[in-house]
RNA sequence: GGGCAGUUGGCGCAGGGGUAGCGCACUACUUUGACAUAGUAGGGGUCACAGGUUCAAAUCCUGUACUGCCCACCA
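Residue numbers (this note's numbering): 56 to 777.
Quick look at the structure:
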């Protein structure tokens, strides 16, 4: 083994080893013979093609790859499907930001040209991402990779929508939605971040009609919405206002009369106990408006500006500008009773951070009642289990009271709704996948397809079905659905996981995965969120170049514990690098012992211990094999790798290898020497197997040099049974 | 406002009713035929705080403080 240098260098060998695995088809279970009847299937949560992979992805890939490699070695038909997500609003807003730097808006380009640019972006980043996944050593089946806008995937999306439509769960309606004026689209509650902002609570005096000098004082954080007020509401139990109920207040400036109504939902203790009601621009007010049949006066448009329903002086102003002007104008006429400092939770677009406006808008919805019930039942029946268990609370909390799902977005990048509007009667529409030859409404016109696209998640939630060919009942779908385990971040339990469960239940009658593993979140060393914009992000590729893939994977896995977020520390990659070196050199020593001898040892027969050290190391090996398996089955990969480290470094290298040197020196005959050598080979070989799921490259490389009989590549070797 | 986590040596973390552990960093010695990205030996912690249960608490219970995350339409 003179060819092995005393330092392990990952850079030369990793990509060659990966190519060899891929070439031999090991990632595709159709190409290798399963040794067990079990099937282990998994889908990679598809990364967004918005940018490159981050440490969170790296951790997730490390964990998943360890799982799939373990099961492959167990002899299961193991499959792991890779792919990527078109990330509707995410990519569109990223691309628009980039265009803006060149002074171009998407409207300057037009839909077709913009989409062309989006596809170029997708190609560029999609390829980068796929190469990153490879560099991580991920043993996923590239022959089956998917993208959420592949032709067959779009078909799956449309099929799902039409199915919901046939069930009567799809409806179109005007609702107050979160609207991002920058992205120009509705966004969901889940895409809205609330940011604490120092603001004011303005107490405004609304004169009572026919009673000069009397006022009702309302408290608001958004005075500009006063332009669209259609009522003032008080709690019916509130003694202060009892005699005002049923009368009218006059909106100042506008001189418009609005009724004073009673509603139980009003909190007597907050502000003044009287609330201005703006059904068009507030969710709560919308509901009150529905209940009391109040008119809807929209005063803010889709660009976040005051529209023509407002007095001329305010028209065209941004909402925030109008706010100041209205307060000034009211102060001039003495109708501001009080201004309090107030910390307001201001809604922001989670994609672009623009201030969200609530505006009424025509959108498409999917009713959640039946679907949420299915996901809830799947959980309660134990068909979907969370690790750690406590995350199921998040899942249940949301499913208990889900809002109907607004599935339409006013974006360009995405799958378009299969909805067609009649040109002669634009309020009427029908649903069809293919471009219709004639209008199903009037029979004459050439109907126009809706410009809306689906919410990104509408397609993402079909991932575990669509990657296997659904809606076609393919061989893959039959064989690999449902998957075994989903590993993902806690931030998308509701957005993605819960909805995948009901999609699977609805379309396949089975939950799409039995286990959900919620990974630790990778934070900076100081516990801050890693983000490119803050400059706190770390590129996993940089670590791979610096330390090698195995060391990077080791460093990540080493830091993982079940319950904790992970404060990323690069020192752990150094530990990984050192560990690789340790494995390398231990192997060098062991292989030197058997120099010149090839293909002589068999792992089938366990060697006989002679000395106390022999006994100890064989017992320790049996123990670590058992605990590693147990840890993997519990998804405790951090515990698994930490125990393996201790075993290999301390019990094998520090204790046994040192003892072996003495044993060989002190041996009375050749048999005794050979027995020690045999144990060294045996323990090393099995250690390489146990380490392989976590550190695939160095273990495979060393395995190639092992003097073993009937050896296969390590990736498809059998998991040790000791 | 509700919920969930965390608080253990300088840093990052594991453990978990009965002499406090790991990696990195630190100190001393060692280039001996696997490895100086190493070995041997060592220094360093009243396990956030206050009560309680117990023969025994870092570990279980209650409360407090701080940190972080999630959920929620409080105008």
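We treat Cβ as the ideally placed atom computed from N, Cα and C, and that holds for glycine.
Just so you know, these numbers come straight off a predicted model, no measurement behind them.
Contact defined as beta carbons within less than 8 Å: I believe residue i pairs with residue j. What is the distance between those atoms, to the nearest angstrom?
i: residue 538; j: residue 98; result: 6 Å
i: residue 235; j: residue 404; result: 4 Å
i: residue 542; j: residue 118; result: 5 Å
i: residue 467; j: residue 170; result: 6 Å
i: residue 240; j: residue 411; result: Residue 240 to residue 411, Cβ: 11 Å. No contact.
i: residue 416; j: residue 232; result: 5 Å
i: residue 253; j: residue 398; result: 6 Å
i: residue 469; j: residue 143; result: 4 Å
i: residue 317; j: residue 354; result: With 8 Å as the limit, residue 317 and residue 354 do not qualify as a contact, their Cβ atoms being about 25 Å apart.
i: residue 751; j: residue 187; result: That belief does not hold up - the Cβ atoms of residue 751 and residue 187 are roughly 16 Å apart, past 8 Å.
i: residue 711; j: residue 668; result: 6 Å
i: residue 687; j: residue 727; result: That belief does not hold up - the Cβ atoms of residue 687 and residue 727 are roughly 36 Å apart, past 8 Å.
Measuring straight from C-alpha to C-alpha, what distance separates residue i and residue j?
i: residue 226; j: residue 295; result: 42 Å
i: residue 125; j: residue 209; result: 34 Å
i: residue 321; j: residue 271; result: 15 Å
i: residue 735; j: residue 715; result: 8 Å
i: residue 177; j: residue 138; result: 12 Å
i: residue 678; j: residue 707; result: 13 Å
i: residue 634; j: residue 743; result: 13 Å
i: residue 662; j: residue 719; result: 16 Å
i: residue 57; j: residue 646; result: Here the model assigns residue 57 a pLDDT of 42, short of 50, so the residue's position is not dependable, and the following value carries that caveat. So the alpha carbons of these two residues sit roughly 10 Å apart.
i: residue 446; j: residue 584; result: 20 Å
i: residue 401; j: residue 250; result: 5 Å
i: residue 323; j: residue 333; result: 19 Å
i: residue 141; j: residue 306; result: 47 Å
i: residue 520; j: residue 535; result: 10 Å
i: residue 157; j: residue 173; result: 16 Å
i: residue 765; j: residue 242; result: 59 Å
i: residue 112; j: residue 102; result: 8 Å
i: residue 504; j: residue 480; result: 14 Å
i: residue 477; j: residue 506; result: 14 Å
i: residue 427; j: residue 228; result: 21 Å
i: residue 763; j: residue 724; result: 23 Å
i: residue 430; j: residue 529; result: 24 Å
i: residue 701; j: residue 217; result: 56 Å
i: residue 356; j: residue 362; result: 6 Å
i: residue 487; j: residue 122; result: 42 Å
Determine the DSSP secondary structure at residue i, reduced to helix, strand or coil.
i: residue 765; result: coil
i: residue 275; result: strand
i: residue 708; result: helix
i: residue 750; result: coil
i: residue 396; result: strand
i: residue 262; result: strand
i: residue 92; result: coil
i: residue 68; result: helix
i: residue 56; result: Caution is warranted here: a pLDDT of 40 is assigned to residue 56, below 50, making its placement in the model unreliable, and the coordinate value is therefore given only provisionally. Looking at residue 56 - three-state DSSP - the assignment turns out to be coil, as it is neither helix nor strand.
i: residue 74; result: helix
i: residue 732; result: helix
i: residue 145; result: helix
i: residue 229; result: strand
i: residue 296; result: coil
i: residue 204; result: coil
i: residue 191; result: coil
i: residue 177; result: helix
i: residue 79; result: coil
i: residue 247; result: strand
i: residue 138; result: strand
i: residue 198; result: helix
i: residue 152; result: helix
Next on the checklist: Report the start-end ranges of each beta strand (DSSP E) in the region 542-587 that is 3 residues or longer and not cut off at the edges.
Outcome noted: 568-573
Checklist entry - Going along the chain, which unbroken runs of the alpha helix (DSSP H) with 4 or more residues stay wholly within the region 603-688? => result 604-614, 626-648 and 667-688
Checklist entry - Counting pairs of beta carbons, one from the region 379-397 and one from the region 263-281, are three or more of them closer than 8 Å? => result yes
Checklist entry - Just checking, does the region 78-86 make contact with the region 563-572 on the three C-beta pairs under 8 Å criterion? => result Cβ pair count under 8 Å is below three, so no.
Item to check | Ranges of the alpha helix (DSSP H) found wholly within the region 338-406, counting only runs of at least 4 | outcome: 338-347 and 374-387
Item to check | Uninterrupted beta strand (DSSP E) stretches inside the region 413-495 (no shorter than 3 residues) | outcome: Counting whole runs of 3 or more residues, the region 413-495 contains the beta strand (DSSP E) stretches 440-442, 474-476 and 484-486.
Item to check | At least 3 beta-carbon pairs within less than 8 Å: the region 553-565 vs the region 516-526 | outcome: yes
Item to check | Start-end ranges of the alpha helix (DSSP H) lying completely within the region 504-536, minimum 4 residues | outcome: 511-515, 518-521 and 530-535
Checklist entry - Are three or more beta carbon pairs between the region 136-154 and the region 623-637 nearer than 8 Å? => result no
Item to check | Validate contact between the region 181-200 and the region 484-500 using beta carbons, cut 8 Å, 3 pairs | outcome: no
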